[in-house]
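Engineer: In the working numbering, the protein residues as written are 8 to 264.
Where is the CB? At the ideal position from N, CA and C, for every residue including glycine.
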Amino acid sequence: SEWTGLGLFAATGYYSTVKNFSLVDSYFELKDLNGNNNNAGYIANLGSIAGYHHGYMNNVYSNATIVSNRRMVGGIMGYSQSRGVTNVWYDGDMTLLSNHGREAGGIIGVMNSANTFENILFTGKITFDATVDYAGIGGLFGITETSSTVSPLFKNVVIAGELAKSQWANDLAKGSVVGLLFKSTVRVENLYVTNETWGTTHNTYGSNVGKIDGSITTVAEQNLYGDAAKTNAPNLDYTSIWVTRDGKVPALKVFVK
Numbered sequence: 008s009e010w011t012g013l014g015l016f017a018a019t020g021y022y023s024t025v026k027n028f029s030l031v032d033s034y035f036e037l038k039d040l041n042g043n044n045n046n047a048g049y050i051a052n053l054g055s056i057a058g059y060h061h062g063y064m065n066n067v068y069s070n071a072t073i074v075s076n077r078r079m080v081g082g083i084m085g086y087s088q089s090r091g092v093t094n095v096w097y098d099g100d101m102t103l104l105s106n107h108g109r110e111a112g113g114i115i116g117v118m119n120s121a122n123t124f125e126n127i128l129f130t131g132k133i134t135f136d137a138t139v140d141y142a143g144i145g146g147l148f149g150i151t152e153t154s155s156t157v158s159p160l161f162k163n164v165v166i167a168g169e170l171a172k173s174q175w176a177n178d179l180a181k182g183s184v185v186g187l188l189f190k191s192t193v194r195v196e197n198l199y200v201t202n203e204t205w206g207t208t209h210n211t212y213g214s215n216v217g218k219i220d221g222s223i224t225t226v227a228e229q230n231l232y233g234d235a236a237k238t239n240a241p242n243l244d245y246t247s248i249w250v251t252r253d254g255k256v257p258a259l260k261v262f263v264k
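#1: Give me the Cβ distance between SER89 and MET64, rounded to the nearest whole Å; I'm assuming they're in contact under 8 angstroms.
#2: Determine the burial state of THR102: buried for a count of at least 16 other Cβ atoms within 10 Å of its Cβ, exposed for fewer.
#3: Of the choices TRP205, GLU228, ILE219 and LYS260, whose alpha-carbon is the least far from that of ILE298?
#4: Quick one: what's PHE161 bridged to in DSSP?
#5: Would you identify the three-state DSSP class for LYS264, choosing helix, strand or coil?
#6: GLU228 by DSSP, collapsed to three states: which one?
#7: Where does ASN65 fall in DSSP's three states?
#8: Grouping DSSP H, G and I as helix and E and B as strand, with all else coil, what is ALA7?
#9: Just grab the DSSP bridge partners of THR102 for me.
#10: Answer with yes or no whether the minimum CB distance from HIS60 to chain C is below 9 angstroms.
#11: At what residues does the alpha helix (DSSP H) containing ALA236 begin and finish?
#12: Figure out for me which residue from LEU179, TYR199, ILE223 and PRO241 has the closest Cα to the Cα of THR211.
#13: Beta-carbon separation of SER29 and SER69 under 9 angstroms?
#14: Between ILE223 and VAL195, how many whole angstroms is the CB-CB distance? I'm expecting something under 8 angstroms.
#15: Could you please give me the residues that DSSP links to GLY54 through a beta bridge?
#16: Give the C-beta separation of ILE56 and ILE83 to the nearest angstrom, bearing in mind that I take them to be a contact with Cβ-Cβ under 8 angstroms.
#17: Taking the alpha carbon of TRP96 as the reference point, which residue from PHE129, THR246 and PHE148 has its own alpha carbon closest?
#18: From the DSSP output, which residues share a beta bridge with TRP249?
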C-alpha cells in the first residue's frame with residue numbers, strides 16, 4: 008500500500024507514549040514485491056521505531072539497519088506528527104536505493120509537528136543513490152510537509168552522522184540538519200553539527216521557502232571528543248542528560264553504561 012506505516016510500531020496514537028528501551032541489531036528492508044530497486048517511489052513511512060509517530064517518545068535508542076527504495080524514511084520515525092520527543096538517539100546504517108529512496112532523515116523522514124524535540128543525537132550513516140534535486144536527505148530530518156505552517160523546536164541536538172553518496176549520486180538537496188524546507192519555520196536551540204561532508208545545513212525548494220530560526224554551531228568532530236565537548240558544545244546538560252566520551256562525541260547518559 009502507498010500509505011503503509013512500517014517499523015517496530017506501524018503507527019502510534021496521538022495519546023500514546025513510547026519510552027525506555029533500546030532497539031538493538033535489528034534490520035528493516037523495504038522494496039517492491041519483486042525485489043526491484045526501481046519501483047515508482049511510493050511512500051514508505053518507514054522508521055525503525057515508528058512508521059507514523061503521533062504521540063510522545065522518551066528515552067529511545069536504535070541502531071537498526073534500514074534499507075529502502077521508497078520515500079519518507081527515518082532512523083527513528085518515518086512521518087512525525089509527534090506531540091513531544093525527548094532523549095532519542097539513532098546510531099544505525101540507512102541505505103536509500105535508486106532515485107525513489109529519498110525524503111529521509113537520520114531521525115525523521117518527514118516532519119509535520121509543531122512540538123518540541125529535545126536531547127536528540129544522530130551518529131549513524133546514510134548512504135543514498137538519488138540524483139533528483141528535490142531528494143530531501145538530512146541528518147536530522149529529510150523534509151518539512153509541503154502544506155505545513157507549523158514551527159517545531161529542536162533543542163539540545165548533536166548531529167554527528169555520516170553521509171555517503173554512491174558513485175551515481177549527485178550532491179542534491181541534502182543538508183546536515185534538513186534536506187529540504189518547504190513552508191515551515193524550524194526553530195533550533197543549542198544545535199551542534201559535527202560532520203562536514205553534508206555541504207550545507209539545509210536547502211529550500213521552489214517558491215515554498217521555509218527557514219531556520221536560531222543558530223547552528225558547526226564543530227569539527229574531534230573537538231567534541233572527551234572533555235572538549237564541554238567547551239565546544241557548552242549548552243548541553245552534562246550533569247543529568249549528556250555524558251562526554253573519550254574519542255567519541257557526547258552521548259545521552261541514559262544509554263551509556
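Structural biologist: Quick look at the numbers:
#1: 7 angstroms
#2: buried
#3: In the structure as shown, the chain starts at 8 and stops at 264, and residue 298 therefore has no counterpart that could be examined.
#4: PHE124 and VAL195
#5: coil
#6: helix
#7: strand
#8: There is simply no residue 7 to check, as the chain begins at 8 and stops at 264 in what is shown.
#9: VAL74 and THR134
#10: Here chain C cannot be found, since the structure has a single protein chain.
#11: 235–239
#12: LEU179
#13: yes
#14: 6 angstroms
#15: GLY81
#16: 5 angstroms
#17: PHE129
#18: LEU259
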